[in-house]
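First residue of the sequence shown: 134, per the working numbering; consecutive thereafter.
Note that CB positions come from ideal geometry on N, CA and C, so glycine has one too.
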Amino acid sequence: MNYAGRLTAAVAIAGVLSLGACGTDNNTGGGGSTGASAAPASSGGSDLSGTINAAGSSAQANAIDEWKKAFQSQNPSVNINYQPSGSGAGIQSFIQGTVAFAGSDSALKDDEAPQADARCKTGKAINLPMVTGPVAVVYNLSGVDGLQLSPTTIAGIFNSKITKWDDPAIKKDNPDAKLPSTPIQAFHRSDESGTSDNFTKFLKAAAANDWPYEPAKAWPAEAKGQGAKGSDGIAQAIKSTDGAISYVELSYAENSSLSKAKVANGSGEFVELTPESAGKTVEAAEIAGTGNDLKLNIDYATSAAGAYPIVLVTYEITCEKGLPADQVELVKSFLGYTASDAGQQKLTELGYAPLPATLLAKVRTAVEAIS
């Protein structure tokens, strides 16, 4: 489904980033790129050259792919290698200094931040929100369309307490539906994932009595279920399994033509997942970081009218200061493009949502400060 034209107002901020800061030579991580000369963030400056190595979130992989195509067409001497290895693996690669930035579906944890700061040596690591990636509750159930699920029902399903599709809890959410007695096949991410982190944050915030586990990138073994690796693996598992249910980013749900459930928010309103409904939740998020660290606190139990509650914001995690000198302008220019009007507008075509305008302005300021 093409979302072009939606949320245009959310990205209508004039201006592009200017570049001009210098890097530091006393950090040897970054993946062996060649030297780079300065170029405006979205000018397509032909003098910009080198390689960016990055890794992490598979949720943002489709966005990165589109951004790479556009950016490399403007800068043919730049090569961008992004490995969708999962948020946890991407953060570890960043900490180890093998990538210039990590994509992550959640900001650095308290125990990860000191390690990431140490990698940056002369500065600190910063979390830069870049993509609103709504998380769809997807299902494959013959004869059932328009499924509605409350947070407590979702928690019961994924905690292996609700095991049949005609369970009374599901019937209560769907009084007019003809539900079969098909066994529920609940799939979760088998790899450490920021999507799992955000999904379990939602369960903990909105259905604490039915979800006793702490949010984490790794799925709690006590909840059981079946694992599949990566967003692609989840999408394939749902498509091939009758009675299946899982959680996956909207872009993957759209690309695989998966059925999406309406999810009740904190007011009990069952809300269809769209970029607009997800954007209402992100717009209300509070910035928990300081300075140019734009870590967000999202209210997963939001009661805002029309707000879809399960959202993730994918971050690019990099050094505010301390990248190798040959990486600074490459990273700054590429991230400048992703935060530009052109870069953000591409998201609507891929099943993502652009960042709200006020947050996007802060991201641009933070990218400009990278040195």
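| Query | Result |
| --- | --- |
| Integer-rounded CB distance, given that residue 241 should sit under 8 Å from residue 546 | Any answer about residue 546 is impossible in this case: the structure gives the chain only from 134 up to 504. |
| Residue range of the unbroken alpha helix (DSSP H) whose run includes residue 373 | 363-373 |
| Identified DSSP bridge partners for residue 445 | 266 |
| CB contact flag (residue 269, residue 445, <8 Å) | no |
| Inter-stretch contact at 8 Å, needing at least 3 Cβ pairs: the region 384-404 / the region 277-287 | yes |
| 6 Å Cβ shell around residue 428 - same chain, five flanking residues per side excluded | 240, 260, 421 and 422 |
| Span separating the alpha-carbon of residue 439 from that of residue 267 | 14 Å |
| Given 8 Å, three or more beta-carbon pairs between the region 468-484 and the region 195-207 | yes |
| Per-residue DSSP class, three states only, for residue 214 | strand |
| Proximity below 8 Å, CB of residue 256 to CB of residue 479 | no |
| CA nearest to the CA of residue 452, picked from 425, 286 and 433 | 425 |
| Inter-residue CB distance, residue 224 and residue 450 (contact presumed, cutoff 8 Å) | 7 Å |
| Cut-off 7 Å between Cβ atoms - residues of its own chain near residue 417, not counting five sequence neighbours on either side | 432, 435 and 437 |
| Contact under 8 Å by Cβ, residue 339 with residue 301 | no |
| One or two residues paired with residue 377 in a DSSP bridge | 273 and 318 |
| Residues of its chain near residue 296, where Cβ-Cβ distance is below 7 Å and the 5 sequence neighbours each way are ignored | 316 and 317 |
| For residue 396, the first and last residue of its enclosing beta strand (DSSP E) | 395-397 |
| Residue 345, DSSP secondary structure in three states | coil |
| Where residue 237 sits in the DSSP three-state scheme | strand |
| One or two residues paired with residue 419 in a DSSP bridge | 430 |
| Endpoints, alpha helix (DSSP H) assigned at residue 351 | Careful: residue 351 lies outside any alpha helix (DSSP H) and carries neither H nor E. |
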